[in-house]
Structures are given as structure tokens and as C-alpha cells.
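Below is one structure, written out as C-alpha cells, with a few remarks after it.
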Amino acid sequence: MAINRTSSHGEWSSRTAFILAATGSAVGLGNIWKFPYITGENGGGAFVLIYILCVLFIGIPIMISEVYLGKRGRLNPIASIKYICERENRSKYWQVIGLFGILTGILILSYYSVIAGWTMAYASRTAFGILNNIDAVGATTMFNDFISDPERLLAWHTMFSIITAIVVSKGVKSGLESAVMRLMPALLVLLLALVIFSAFEGDFINGLKFMLYPDFSVVTWKTVLIAMGQAFFSLSLGMGALMVYGSYLSNDISIPQTCVIVASLDTLVALLAGLAIFPIVISSGLEMSQGPGLIFQTLTVAFGAMPGGQLFGTLFFILLIFAAWTSSISLIEPMIIWLIEKYDLTRMQAAAFSAGLAWLLGIGTIISFNIGSDFTIYGMTIFELLDYITSNILLPMGGIMITIFVGWFIVKENINSELKIKSRFLTFVWYFSTRILAPLAVMFVMLNALGFNINIF
Ligand code: TRP
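The sequence shown finishes on residue 838 if you use my numbering, and the numbering steps up by one all the way, no holes.
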């Protein structure tokens, strides 16, 4: 049976390596700029609480399902699912989960890389002191000037694409694993340093209050849905990224335990990011502006005005580059191993092709901020459309299919023998959440997306 299969791409040298890699995938731009921004928009503490519940009851079951599929199949997402379908006598059409995932990964990477490029630009700007003593108006002008220049955006996007391709072209052992082994601990240390800086230089009490004090009067069904969507995106679920990382997992490791650790670390980083950001925003008397604005406009003003801000601002942006980098590796890896296995490409060729494709698609995102900003489909620019389709349609669809497949279409004994959940209560929780709770909840995200779509028309 599947128990003794190993991946031809190598295995993680230890459980810690897998945890670091999966955490590296999960922690990214989503945690560090998106989480604080939507927390700000949705009432702070209550939103955080709902988010944590979503991670626990929806995110973790889907994550376990996804890692299970990868570890059992040991191949690229498409072939892993095909292999499992053959063993379970199920329709081979379940393979579309893998295909969807591979395409979704490249689509997300195409704009993720552009935004990561902004982070690189701002790291260098902060390091050179260009942002020192800048005021809110200056920061806004600078940001708008920056994104209106397609050449600059292209240069940074290209740079980010190249470093991603270089790391993944070296393979799991020498590339991915050693990269995350060094980057993840460094990232946590930098984030902690930033929180400490925030505690001394920012309005820490009010920042903390904002994050922890739950005001349920601002909570609507939509708030719950947004929190769930964020849990989904932040944990890297629904596109096969964790399936691939799971396929490198050695046999003696407990999937449920490992997933709980990864989800906890991801949530911890998001909360730390909030703790680092909110006090600075509040003490500087700044507004919680929207999306990219929060970091690229607001925080630079704060760092520019604070003693030591040049150093800490630079460290912060470097941290964000690392986080985006380890996430982007997981977005591209499913396509790479698919190309290697299916079309016999070398890892180098597969990395060049995949990164090249994402790079090319990224040009659509770049021009949607400047020369192509008037070009819209259903009222959305290319960037907004890509983000909309991937976050609101493709990822939730992947998530629903993964939980339904694992929950309903795989013989229980086969799952039990792999997951080895001892307690009867936890077994009940696992099946209830995989079969019913998680798919239904994700369906709500999709319905919400559909409602949003109707508004647009
Ligand atoms: N989770 C990452 C973040 O928070 C983004 C990401 C990486 C992702 N791989 C993914 C999102 C796979 C969805 C699916 O920034």
C-alpha cells in the first residue's frame, strides 16, 4: 500500500524542516499586511476571535486533508490524486483538484511577485534613508509615483521572480529546505524585535486594546465570512501547496499534530504583525488606510518619524520580502514538480518555465496600476480580477473539493491508519469538520463572493 512510498524529489530531513517550510508558505504578505488591514476594517478584537475559530474548525481540517493527500500520493498534486483514486476506486476526474491548484498557484504568484517587488523597493528606499522624516502627503505622493511607473515595477517584479526561480531550481534539499531553515527563525526574531520596538515607541496599550477587545456590535455575517476567507488564504489552503510539501514528509510523522503546529505559528505571526503595526499606526496619529497603503504609505511615515526608524523600517521590509519569498516558493512548486514528472523537464527548466510564465502574467498586474488602469473587466482592473478569481473562486473551490474528497470518498480505515487519531472525541471532530462543517463553511465564502459579483453588475 501507500505506506512505504517515498517521494522521488527527496524528503524533509526532519519534522522541524517540514514545519518551517509549511509555515514559510503560510506566513506571507497575507499575514503581514492583509491581516492587520482587514482586522482594522472589521472591528479589531471580535474579528481576531472569529478568525482564530475559523483557523481551528475550518482551516485545520482542510490542512490535514491536503497534507494527507500529498503524503499518501507522493507525487505532484494531479498524479497524487490520480494514484489515490486508483487505490480507492474513484473517478479519475478528481484530478481536476490538482490541475486547478497548479493554475491557481501561478495566477496568485503573478501578482504576489509584483507586490513583493514593492516590498523590495521600499526596503531599499528605507535603507538609503529616502523615507526619513517623510509626512503623510509625501508618502502618498511617493507611493503613487512609484506604482505609476511601469518600468520600476517591472524591474522589481523581475528581480523577485529571478530569486524565486533560483531557489526552487536547486531542489527541495539544497534549495527550499535550507532557505526556510534559515529564513523562518530569522523572520520570527525580526518580528519580535519589531514588536518590542513598537512597545517602546508606539502606543502599545491602545494597539493591544484594539486587537484584543472584542466589539461584537460591528460583527455581521459578512465579517465572519471575511475572517474565514482570510484563514483560508493565510494558511495556504486549497491549491495543492501543502499537498506538495506533504509529499516530502517522511512516514513516521503525525499529520494532525504537525498541522496544528503550523496553523498556530501562522496565527502567531499574524497576531505579532498586528502587535507590531497597530501601536505605530496609532501613535503616529495615522489612519488605517486600505490594502497596500497600510504598509507602503502609513508605516513609512511612522518609521521615518521615529528614532531608529530607518533601521527598524528596513528590517521590517526585509522581513516582508523573506515572508513573501517563502510563500512564493510554495505557489510555484506544484507546477514545477508536475512539469518534471509529466514532461521530463529538469528542475532548472521547470523553474525557468514556471517563473517565466508567472513573470509574464505579472505584467498584466503591473500595467493595471498605471498605463492599463482604465482597462477593466466587470469593473475590475487586471490585478483586481486576478485577485478576485483566485481568492474568491479558485481557492474555495479547491478547498471544498479537497475536504469532500477526503471526507466522503476515501475509505475510513485508510484515513485512520494514516492519521492515527487516538481519541474518539477527536475522531468525531475530525469527521464532522471534514465532511460537513468545512465544506459548508467554504460554500458560504463562495456565496459571499457571488453576492459581491451581483453588486458589481
Ligand atoms: N499564505 C500566503 C500568505 O499569507 C500566501 C500563499 C502562499 C498562498 N501559498 C499559497 C495562498 C497557497 C493560497 C494558497 O501570504
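No residue lacks a Cβ here, since even glycine has one placed at the ideal position from N, Cα and C.
query: Using the three-state DSSP reduction, which class does P688 fall into: helix, strand or coil?; result: coil
query: State yes or no: is the C-beta of L712 nearer than 7 Å to some heavy atom of the ligand TRP?; result: yes
query: Mind checking whether N751 and P531 have CB atoms under 8 Å apart?; result: yes
query: Let's test the definition: count the other Cβ atoms within 10 Å of the Cβ of G760 and tell me whether it reaches 16, buried, or not, exposed.; result: exposed
query: Can at least three beta-carbon pairs, one atom from the segment 487 to 503 and one from the segment 738 to 757, be found at a separation below 8 Å?; result: yes
query: At a threshold of 7 Å, does L410 count as lining the ligand TRP (C-beta to nearest heavy atom)?; result: yes
query: Straight-line CA distance for L828 to M444?; result: 22 Å
query: Compute the distance between the beta-carbons of L535 and I528, then report whether it is under 8 Å.; result: no
query: Have a look at A580, T707, C435, F399 and flag the residue whose alpha-carbon is nearest the alpha-carbon of M687.; result: A580
query: Roughly how many angstroms lie between the CA atoms of I431 and I713, to the nearest whole one?; result: 30 Å
query: With hydrogens ignored, establish whether the beta-carbon of M620 is closer than 7 Å to any heavy atom of the ligand TRP.; result: yes
query: For the ligand TRP, I want to know if F698 counts as a neighbour, meaning its beta carbon is within less than 7 Å of at least one of the ligand's heavy atoms.; result: no
query: Put E392 into one of helix, strand or coil per three-state DSSP.; result: coil
query: What does DSSP give as the partner residues of I758 in its beta bridges?; result: M761
query: Is the separation between the beta-carbon of L575 and that of F693 shorter than 8 Å?; result: yes
query: With a 10 Å radius around its C-beta and 16 neighbouring C-beta atoms as the bar for buried, classify L821 as buried or exposed.; result: exposed
query: Given I717, which residues of its chain have a CB within under 8 Å of its CB, disregarding the five upstream and five downstream residues?; result: V549, R728, A731, A732, S735
query: Buried or exposed: where does S798 fall if 16 or more other Cβ atoms within 10 Å of its Cβ makes it buried?; result: exposed
query: Would you check whether the ligand TRP has a heavy atom nearer than 7 Å to the C-beta of A403?; result: no
query: Within the present structure, is the beta-carbon of F614 separated from the nearest heavy atom of the ligand MG by less than 7 Å?; result: With respect to the ligand MG, the structure shown offers nothing to examine, as its ligands consist of the ligand TRP.
query: If distances are taken between C-alpha atoms only, which option among S711, Y812, L766, Q678 comes closest to A504?; result: Q678
query: Please determine whether the Cβ atom of L776 lies at a distance below 7 Å from any heavy atom of the ligand TRP.; result: yes
query: Can you tell which of S388, I748, V792, W719 has the C-alpha that lies nearest to the C-alpha of I459?; result: W719
query: State buried or exposed for L801, treating a residue as buried only when at least 16 other CB atoms are found within 10 Å of its CB.; result: Sequence inspection shows Lys at residue 801; the Leu mentioned does not correspond to that position. That one is exposed.
query: Pick from V408, I400, I758: whose alpha carbon is nearest that of T707?; result: V408
query: Find out if the Cβ-Cβ distance for the pair G619, G779 is shorter than 8 Å.; result: yes
query: Would the segment 635 to 650 and the segment 401 to 415 be scored as touching if the rule is three or more Cβ pairs under 8 Å?; result: yes
query: Given a cut-off of 8 Å, decide if G454 and S461 are closer than it, judged by their beta-carbon atoms.; result: yes
query: Given a cut-off of 8 Å, decide if V823 and I781 are closer than it, judged by their beta-carbon atoms.; result: yes
query: Who are G425's beta bridge partners in DSSP?; result: P595
query: Where N525 and T771 are concerned, what is the direct C-alpha to C-alpha distance, given to the nearest angstrom?; result: 26 Å
query: Confirm the yes/no value for this check: CB of I658, any heavy atom of the ligand TRP, distance under 7 Å.; result: no
query: Rounded to whole angstroms, what is the Cα-Cα separation between I441 and C435?; result: 9 Å
query: CB of A608 to nearest heavy atom of the ligand TRP: below 7 Å?; result: no
query: Taking the alpha carbon of I400 as the reference point, which residue from I419, A705, V448, A502 has its own alpha carbon closest?; result: V448
query: Please work out which residues of its chain come closer than 8 Å, Cβ to Cβ, to I439, disregarding the five sequence neighbours upstream and downstream, and give them in chain order.; result: M609, A612, F613, S814, L818, A819, A822, V823
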